[in-house]
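For reference, the structure is listed below as structure tokens.
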Amino acid sequence: MVNVAEEAPVSADRARSGWTLALLLIAGFTYGISSVMVIPALGAIGERFGVSTGTASWALTINLLGGTVVTPLFARLADQYGRKRMLLVVMGALAVGSLVCLVAGSFAMLLAGRFLQSLGSTVFPIGFGVIGATQPARRVKLSIGLLSAMTGLGGIGLPIAGVLVDQLGLATLFVPALVLSVLVLGGLAVVLPHERQDGAVARMDWLGAGVLAVALTAVLLGIDRGPEWGWGSAPIVFLLATGVVLLPLWVLVERRVVAPLVNMRVFVLRPVLMSNLSAFFVGFGMYAAYVVIPQIVVAPVATGYGFGGSVTLGGLVLLPAMVLLPVGVQLATRLARRAGSRTVLLLSIALMIVAFAWLAVSRGSLGDLIATGVLLGFGVGAAYAVLPNVIAASVPAEDLGVATGINQITRAIGGAFGTAVSATLLAANSTANGAPSSTGYTVLFVVLAAGTALACVSALGLAGEQAERSAGV
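Per the working numbering, residue 13 is the first one in the sequence shown, and the count goes up by one each step.
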């Protein structure tokens, strides 16, 4: 006979964990679409605020910089002051930032809103910790993979942005993120339990956070602006040199402070280090593909390779890749239990390499672009499933937020580098009228295939079944 009094709390806990996961996934998706939806609208943003397209691209750059800089800081603050509190803060910032962008009357105001939106990136490292604390053990790895994939799934915002800008106007670009972030904010406030803070809160490593913020800003800004300002220009050389000098200095700071922002002993663990290197090269290929493939779709037919499509069509070509990301996560999670994380990661990288090799030799139809997008969807989804789970199985619970945040940062840096390399190669292989040549795209896809292949080296550094055994799977 079932004891109803005992069954009710179990059902309530199951429902709470389900709602928690759903809200976290929506939160990750909300940040994902908010970060990319300005990409198809940079020209419209320039016209609206009277700035060049190059200047308008700061609406994308500041979001990348902000998210990368604040992620480790807010991840550590969440460990100290409570995950629920910081999730509400960052989702509130995303909502406010979306509202500021919606009503922006100047380009400076738009940039301020985009920076506030970037705080939403912290939902991933904080969310991984929440998943570990609220989800049943059998669902933790799949849940972490699904949340990680929300960054890529947010690419659905590309075709949505094209439709909104073309049909309803520029301001509506920020409505989806505003509505979703408000809904998630209210849901998390109700569903997540309050956390008790036992004992004194550790001192925050503000020096380490500051040095890392300046170093990452210098590196990312240098990489992002390199194609436009010139790689040999004084500002770019200064920025990259600053990053090269400050990053080792940050390591020294972290090794000497009592409560470091990042525990270096954890950071250099083999699974963590190899996962970060793999994330860099996966990001290198993924972000470049998401930018370049729509460019081919919208390029004029007269170029010999373009399809003369609309911005909306350019985004729709990638839609299958976005939809298949969560499918790749689920398949990879199941396969990893049998074959190991290293095997799954190598397979995911192989799919990406095949996709880029395919594009290097054949991209004469929309079918080629869609098919390679499908391969990328499965490949990137599988990589997203593996990388954060390897880290989660390898670090203490108190370091999970920052460790996964660093993994997210390395992916973003790889993505910035990939898009910068893409822009440089296409500019170097252009026609007389300044448009990229077909040869330029061929060279680019060969480089993307080779760069992504470097992730195999770091993937081979993973210790086979170690992650699965550590996680008790």
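Don't be surprised by glycine CBs; every beta carbon is placed ideally from N, CA and C.
All values reported here derive from a predicted model rather than from experimental measurement.
Sequence-distant partners of Val175 (beyond 5 residues in either direction) whose C-beta falls short of 8 Å from its own C-beta, in its chain, are Thr324.
Boundaries for Pro52: no alpha helix (DSSP H) harbours it, and the DSSP string shows neither H nor E there. In the DSSP secondary-structure assignment, Ser442 is bridged to Pro448. Under the three-state reduction of DSSP output, Asp217 falls in the coil class, being neither helix nor strand.
With a beta-carbon spacing of about 7 Å, Phe140 and Gly413 fall inside the 8 Å limit used to define contacts. Gln420 has its alpha-carbon roughly 19 Å from the corresponding atom of Leu388. Of the candidates Asp380, Leu437, Leu89, Asn288, the residue whose Cα lies closest to the Cα of Leu466 is Asn288. Between Ile45 and Ile143, the C-beta gap is not smaller than 8 Å, which leaves the two residues out of contact. Across the set Phe319, Pro306, Ala344, Val313, the C-alpha of Pro306 shows the shortest separation from the C-alpha of Gly326. In the structure shown, Tyr299 falls within a helical segment according to DSSP collapsed to helix, strand and coil. Between the C-alpha atoms of Glu410 and Arg95 there is a straight-line separation of about 12 Å. Between Leu232 and Leu77, the beta carbon gap of about 6 Å places them in contact (Cβ cut-off 8 Å). If you check the CB distance, Thr422 and Pro400 do not come in under 8 Å.
For Leu328, the closest alpha carbon among the candidates Leu228, Met298, Arg151, Pro171 is that of Pro171. A straight-line Cα-Cα distance of about 44 Å links Ala201 and Val366. The way I'd put it, the stretch 351-369 doesn't touch the stretch 247-259; fewer than three beta-carbon pairs between them come closer than 8 Å. Counting along the chain, the unbroken alpha helix (DSSP H) around Leu325 starts and ends at 323-329. Look at Phe292 here: in three-state DSSP terms it is helix. For Gly174, the enclosing alpha helix (DSSP H) starts and ends at 169-179.
Sorting Phe61, Val152, Val226, Gly352 by C-alpha distance to the C-alpha of Ala471 places Gly352 at the top.
Rounded to the nearest whole angstrom, the C-alpha separation of Leu72 and Val50 is 7 Å. Considering only Arg375, Leu228, Arg151, the residue with the shortest C-alpha distance to Arg26 is Arg151. With a beta-carbon spacing of about 10 Å, Ala107 and Leu131 fall beyond the 8 Å limit used to define contacts. Distance from Thr32 to Leu281 at the Cβ level is roughly 29 Å; contact not present, criterion being Cβ atoms closer than 8 Å.
Taking C-alpha positions only, Met298 is separated from Ile308 by approximately 16 Å. The beta carbons of Pro239 and Ala405 sit no closer together than 8 Å. Secondary structure in the stretch 86-136: the alpha helix (DSSP H) runs of 4 residues or longer, each lying completely within the stretch, are 95-115, 119-130 in chain order.
Between the beta-carbon of Ala34 and that of Val135 there is about 13 Å, and that puts the pair past the 8 Å contact cut. Distance between Gly109 and Gly55, taken at the CA atoms: about 21 Å.
Distance check between Ser290 and each of Val187, Ala440, Ile418 places Ile418 closest, using alpha-carbon atoms only. Within 10 angstroms of the beta-carbon of Ala314 lie fewer than 16 other beta-carbons, which makes it exposed. Assignment of Asn275 by DSSP, reduced to helix, strand and coil, places it in the coil class. Rounded to whole angstroms, the separation of the alpha carbons of Phe457 and Met103 is 37 Å. Take Met162, set aside five residues on each side of it, and the residues of its chain with a beta-carbon closer than 7 Å to its own are Leu37, Gly40, Phe41, Gly44, in chain order.
Here Leu264 is exposed, its C-beta having fewer than 16 other C-beta atoms within 10 Å. Between the C-alpha atoms of Val115 and Ala173 there is a straight-line separation of about 17 Å.
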